[in-house]
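Down below is the structure, laid out as structure tokens.
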DNA sequence: TCGAGGCGGCAATGGTATTCTCCCAATTGG
DNA sequence: CCAATTGGGAGAATACCATTGCCGCCTCGA
């Protein structure tokens, strides 16, 4: 189980395909570079401002490209943000998989997954791994995205969801948890963990916040004999 | 426990206070009426369009009042939406409390709460109770609100949260669940239930959606011996 | 009756996304 | 090597909205 880069549907980033297919096939690599420049600029702005409220104009200026070009590669701002989101998920999937693969016991793997996913959105005070981005703004934007383009978000989350499904199935096979339907169980866990982070923003007093561990314990009990 | 209208901080709607305090005290009732007309118009538009993306202008036209007046009562569109949100929560609290009070057994009361809260956001195919509004757009907007004004959302949710806390405490006192900290447990339940609804929008296949009952069972197991 | 504040009507401003238009410069085919 | 085609830069023009400002009426209290 859990082979190296086992993304469900091929491994090519979805945004890349979309952006590139708009250009001629011969110019593919140049097109990718240009699209990438937009993405890089957007990531920078996002990291600096700590929010997704940069303007297209800023992205243009920063990337040293033209407005025209931007709309040639992206259908609009939402598409750009979706692309950022997809990139971030990809990054995170690798990160989570790494942590998970450090464990061998099925429950320990699930545990590692839950903790890491919960921390996924948090702004790490500790210096970020080189090249990793501040995920907070993206996570926040994700909920808006989930309202307006649920299918897209689901699609982008696929890698993370898929990994979790595997872990749940493994644990179930080992009789460590008893779930009648692995998919539903996985969905429940993913939701609980992710929105537990989101819900924390409604709680001022930091001591009242729900930690990753607490959330995990709650999930674990939920999984024992569904 | 669970006295009739036991809102934590007085029972006067918060938006009403805000809107009214902007006017002279003598003209209070007239001011309330005017503010209410704006709210009514906004509710209508929201119900019709199924979203909060109506324009201020539409609210003005529909309510037969002036732009000027609008900004006299509300600091901006966000305040209006917050007011709608608060009203809706109030409505729902009454509704939930009613269902809960039909039960006497602590766990049954908790169960009733969870189910009702989960359904809270769903667009009821069944004709709505007269005067009740389509809560979907509000619920959707709530997540945006939670990003931008977490404290306000928390404040508005207070009545619902408070009710849940009581129920959890009652159940704990009766030794039906064992939670070290009722507040945290309540928060966890509320989050799980509410976001379980929200998460469902990421699942196309209706048969894979998480039902209110499933979510409740998950919570219940989570509460048994924390 | 007079004056001031409440309020309707509406034009003006400001911030953004998105589209349009013009033009240059490089590539390419003859 | 030249001219046609086209990718792409600059940025003006549009389209929306929210929000503010300004003018003048009209009412209500003194």
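Residue numbers (the working numbering), protein chains in the order written: chain A, 5 to 230; chain B, 5 to 230. Ideal Cβ positions, reconstructed from N, Cα and C, are used throughout, including at glycine. Small disclaimer: the values here were computed from a predicted structure and weren't measured.
Under 8 angstroms by beta carbon: chain A residues contacting residue i
{"i": "residue 173 of chain B", "result": "Those do not exist, as residue 173 of chain B stays about 16 angstroms from chain A at its closest Cβ, beyond 8 angstroms."}
Beta-carbon gap between residue i and residue j smaller than 8 angstroms
{"i": "residue 163 of chain B", "j": "residue 97 of chain B", "result": "yes"}
{"i": "residue 118 of chain A", "j": "residue 197 of chain A", "result": "yes"}
{"i": "residue 88 of chain B", "j": "residue 46 of chain B", "result": "yes"}
{"i": "residue 18 of chain A", "j": "residue 226 of chain A", "result": "no"}
{"i": "residue 175 of chain A", "j": "residue 114 of chain A", "result": "yes"}
{"i": "residue 66 of chain A", "j": "residue 48 of chain A", "result": "yes"}
{"i": "residue 107 of chain A", "j": "residue 116 of chain A", "result": "yes"}
{"i": "residue 75 of chain B", "j": "residue 199 of chain A", "result": "no"}
{"i": "residue 277 of chain A", "j": "residue 145 of chain A", "result": "Absent from the model: residue 277 of chain A. The displayed extent of chain A is 5 to 230, so no value can be given."}
{"i": "residue 148 of chain A", "j": "residue 148 of chain B", "result": "yes"}
Residue i to residue j span [Cα, whole Å]
{"i": "residue 55 of chain A", "j": "residue 161 of chain A", "result": "20 angstroms"}
{"i": "residue 221 of chain A", "j": "residue 109 of chain B", "result": "26 angstroms"}
{"i": "residue 71 of chain B", "j": "residue 60 of chain B", "result": "8 angstroms"}
{"i": "residue 186 of chain A", "j": "residue 173 of chain A", "result": "6 angstroms"}
{"i": "residue 219 of chain B", "j": "residue 51 of chain B", "result": "28 angstroms"}
{"i": "residue 211 of chain B", "j": "residue 201 of chain B", "result": "14 angstroms"}
{"i": "residue 143 of chain A", "j": "residue 216 of chain A", "result": "16 angstroms"}
{"i": "residue 168 of chain B", "j": "residue 194 of chain B", "result": "8 angstroms"}
{"i": "residue 42 of chain A", "j": "residue 92 of chain A", "result": "15 angstroms"}
{"i": "residue 64 of chain A", "j": "residue 77 of chain A", "result": "12 angstroms"}
{"i": "residue 224 of chain B", "j": "residue 53 of chain B", "result": "37 angstroms"}
{"i": "residue 112 of chain A", "j": "residue 171 of chain A", "result": "10 angstroms"}
{"i": "residue 68 of chain B", "j": "residue 99 of chain B", "result": "31 angstroms"}
{"i": "residue 228 of chain A", "j": "residue 228 of chain B", "result": "12 angstroms"}
{"i": "residue 44 of chain B", "j": "residue 178 of chain B", "result": "43 angstroms"}
{"i": "residue 90 of chain B", "j": "residue 62 of chain A", "result": "37 angstroms"}
{"i": "residue 213 of chain A", "j": "residue 139 of chain B", "result": "27 angstroms"}
Within chain B, partners of residue i - CB distance below 8 angstroms
{"i": "residue 68 of chain A", "result": "Within chain B, no residue comes near residue 68 of chain A; the closest Cβ sits about 31 angstroms away, beyond 8 angstroms."}
{"i": "residue 191 of chain A", "result": "203, 207, 212, 214"}
Within chain B, partners of residue i - CB distance below 7 angstroms
{"i": "residue 196 of chain A", "result": "196"}
{"i": "residue 151 of chain A", "result": "144, 147"}
{"i": "residue 222 of chain A", "result": "192, 226"}
Beta-carbon neighbours of residue i, restricted to chain A and to distances below 9 angstroms
{"i": "residue 154 of chain B", "result": "205, 206, 207, 208"}
{"i": "residue 187 of chain B", "result": "212"}
{"i": "residue 199 of chain B", "result": "195, 196, 198, 199, 200, 202, 203"}
Contacts of residue i in chain A (Cβ-Cβ under 7 angstroms)
{"i": "residue 81 of chain B", "result": "The premise fails here: residue 81 of chain B is roughly 16 angstroms from chain A at the closest Cβ pair, so nothing lies under 7 angstroms."}
{"i": "residue 158 of chain B", "result": "206"}
Cβ distance (whole Å) where residue i is taken to contact residue j below 8 angstroms
{"i": "residue 73 of chain B", "j": "residue 34 of chain B", "result": "Not really, about 12 angstroms apart at Cβ, beyond 8 angstroms."}
Chain B contact residues for residue i, given Cβ-Cβ distances below 9 angstroms
{"i": "residue 38 of chain A", "result": "Here the premise fails: no neighbours, minimum Cβ distance about 31 angstroms."}
Touch test, the region 153 to 163 of chain A against the region 203 to 216 of chain B, Cβ-Cβ under 8 angstroms, three pairs minimum: yes
- prompt: Can we say the region 175 to 187 of chain B touches the region 99 to 106 of chain B, given the rule of at least three CB pairs closer than 8 angstroms?
  reply: no
message: When you compare the region 184 to 202 of chain A with the region 79 to 93 of chain A, are there three or more beta-carbon pairs, one atom per stretch, that lie closer than 8 angstroms?
response: no
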